[in-house]
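Asker:
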Amino acid sequence: MDKPKDTLVAKTFYGLEDLLAKELEDLGATNIRKANRAVYFDGDKQMMYLANYHLRTAISILKPIDNFESKDENDLYQKVKNRIAWDNYFTNKHTFSVEATVHSSVFRHSQYAILRVKDAIVDYFREKTGKRPYIDTENPDILINLYISERQCTISFNSSGEPLFKRGYRVATSIAPLNEVLAAGIVMLSGWHPSQNLIDPMCGSGTILIEAALIAHQLPPGIFRKKFGFETWPDFDAEIFEKITKDEKENVDTSSFCSIIGMDVDDSALTKARLNVKNAFLNPYIHLKVADFFEYTPPFREGVVITNPPYGKRIKKEDIENFYKRLGDKLKKDYTGFNVWIISNNLQAMKNVGLHPAKKIKLYNGPDICTLNCYEIYEGTKKTSKHKP
Ligand SMILES: C[S@@+](CC[C@H](N)C(=O)[O-])C[C@H]1O[C@@H](n2cnc3c(N)ncnc32)[C@H](O)[C@@H]1O
24 MDKPKDTLVA KTFYGLEDLL AKELEDLGAT NIRKANRAVY FDGDKQMMYL ANYHLRTAIS
84 ILKPIDNFES KDENDLYQKV KNRIAWDNYF TNKHTFSVEA TVHSSVFRHS QYAILRVKDA
144 IVDYFREKTG KRPYIDTENP DILINLYISE RQCTISFNSS GEPLFKRGYR VATSIAPLNE
204 VLAAGIVMLS GWHPSQNLID PMCGSGTILI EAALIAHQLP PGIFRKKFGF ETWPDFDAEI
264 FEKITKDEKE NVDTSSFCSI IGMDVDDSAL TKARLNVKNA FLNPYIHLKV ADFFEYTPPF
324 REGVVITNPP YGKRIKKEDI ENFYKRLGDK LKKDYTGFNV WIISNNLQAM KNVGLHPAKK
384 IKLYNGPDIC TLNCYEIYEG TKKTSKHKP
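At the far end of the sequence shown sits residue 412, using this note's numbering, and the numbering has no gaps.
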């Protein structure tokens, strides 16, 4: 008999939905449907574990258990308490916590909605068993996700627990580190292949380089995680999960791999990158050095640059605009033969790069809108007129 399948939801960042759908397809998920910042799919318990362990562009994997309309917080309380048989899922001995995403003109305070859902679950158990389960916001056994869009409420279990961008390798962060899921997404969007040299000349804590090396070596992003949410669910199947984590990675032939190089002008940032790279066991594959981008000449004639320069939060407007102008000039001078991908949320400063982007992709880094621009630098790459769109 086929194992029972649930509808599951993989959440992601805006702009990464296509990549995530492809990743799910490659994993063997079925009935894949793209939505805004999410991809729905069908899967059994094993697929849920696989998704958590393998997906590079997912932030979390949710398992929805109920969906209903609600008119206010009291109605929400009643429905959460009366519609769901909570003791089918966990007991009063488990700790739990509730997280919420709310887009609603009715439910204006997400913290209050969270409180009502917590109360409803506590009261459900107290009335049924005489004992209440305790809340643990730090490390709950069960993480419940509440999603409200206007009056439509969805209750799910968050099978990931801590978001999946918390890979477990990053022990040190520099100023404005890129989110790991976004970094993996950018590397995948760039189409970089390990046979091409890769440089991040402003690598900060090294996120882009590490995500690229994990992709090259087909190392699952979940390999460093200490815990996934589903491991403390009462129905956790350790045998299935052990098999997933023990599955030998395919023998990757690294003989044709090129260099992955990271630089940063700030040696404290580079110290952090070194720590993170070491923690991910990727030292043999990622070469790091303290260098000023404007004074460094790449050691090869072609390759891919993926980088996120300073956004300018701590720099004066004229200075940051001049920084991006110098960046463009340097690319034209010394990076002929490279495809250069720059992500920045300083859309104004990006215009100063002065090169015509071959591609422009809209992304979000948390709440900040970003642009990922690809510049193909070839002999005679033209400057764009300031008046061109
Ligand atoms: C937004 S941060 C990069 C964050 C990085 N992607 C991460 O995940 O940690 C920008 C980095 O550019 C570096 N930087 C600024 N000017 C530079 C220059 N002239 N040459 C090299 N690196 C530079 C900063 O030190 C900073 O670490």
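Where a beta carbon is used, it is the ideal one built from N, C-alpha and C, also for glycine.
Below 9 Å between beta carbons: does that hold for Val204 and Leu187?
Answerer: yes
Asker: So, is Pro257 buried or exposed, given that buried needs 16 or more other C-beta atoms within 10 angstroms?
Answerer: By the neighbour-count rule (16 or more Cβ atoms within 10 Å), Pro257 is not buried but exposed.
Asker: Between which residues of its own chain and Val275 is the CB-CB distance below 8 Å, once the five residues before and five after are set aside?
Answerer: Ala239, His240 and Gln241
Asker: Which word fits Ser128, buried or exposed, when buried means at least 16 other C-beta atoms lie within 10 angstroms of its C-beta?
Answerer: Ser128 counts as exposed, since fewer than 16 other C-beta atoms from the protein chains shown sit within 10 angstroms of its C-beta.
Asker: Helix, strand or coil for Gln219 per DSSP?
Answerer: coil
Asker: Taking 7 Å as the limit between beta carbons, can you name the residues of its chain near Lys104, skipping five residues before and five after?
Answerer: Ala143, Asp146 and Tyr147
Asker: Out of Lys57, Asn59, Ile84 and Ala61, state which residue places its alpha-carbon closest to the alpha-carbon of Met70.
Answerer: Ile84
Asker: CA-CA distance, Leu395 and Leu386?
Answerer: 7 Å
Asker: Quick one: what's Trp364 bridged to in DSSP?
Answerer: Ile329 and Cys397
Asker: Out of curiosity, what's the CA-to-CA distance linking Ile267 and Lys250?
Answerer: 14 Å
Asker: Output the distance between the C-alpha atoms of Ser408 and Asp352, rounded to the nearest integer angstrom.
Answerer: Any reading at Ser408 must be qualified, since the residue scores a pLDDT of 39, below 50, and its modelled position is unreliable; the value itself is stated next. Their backbone Cα atoms lie some 14 Å apart in a straight line.
Asker: Going along the chain, which residues of its own chain have a beta-carbon closer than 8 Å to the beta-carbon of Met414, five neighbours each way excluded?
Answerer: For the chain, the structure presents residues 24 to 412; residue 414 sits outside this window and is missing.
Asker: Give the DSSP bridge partners of Asp29, in chain order.
Answerer: BP columns for Asp29 point to Gly66.
Asker: Hey, Ser291 and Asn220: beta-carbon distance below 9 Å or not?
Answerer: Against a cut-off of 9 Å, the Cβ pair of Asn220 and Ser291 comes out as no contact.
Asker: Does the beta-carbon of Pro27 have 16 or more other beta-carbons within 10 angstroms, so that it is buried, or is it exposed?
Answerer: exposed
Asker: Can we count Asn331 as close to ligand 1, meaning its CB is less than 8 Å from some heavy atom?
Answerer: yes
Asker: Grab me the residues of Asp315's own chain with a C-beta within less than 7 Å of its C-beta, minus the 5 sequence neighbours each way, in chain order.
Answerer: The answer, listed in chain order, is Val288.
Asker: Can you list, in chain order, the residues of its chain whose CB lies under 6 Å from that of Arg56, leaving out five sequence neighbours each side?
Answerer: Tyr63
Asker: How about Asp16: is its Cβ closer than 8 Å to a heavy atom in ligand 1?
Answerer: Lying outside 24 to 412, the shown extent of the chain, residue 16 is not represented and no answer is given.
Asker: So what's Ser182 in DSSP terms, helix, strand or just coil?
Answerer: coil
Asker: Nearest to Lys339 by alpha carbon, out of Glu325, Ile329 and Asn369?
Answerer: Asn369
Asker: With H, G and I counted as helix, E and B as strand and the rest as coil, what does DSSP make of Leu47?
Answerer: helix
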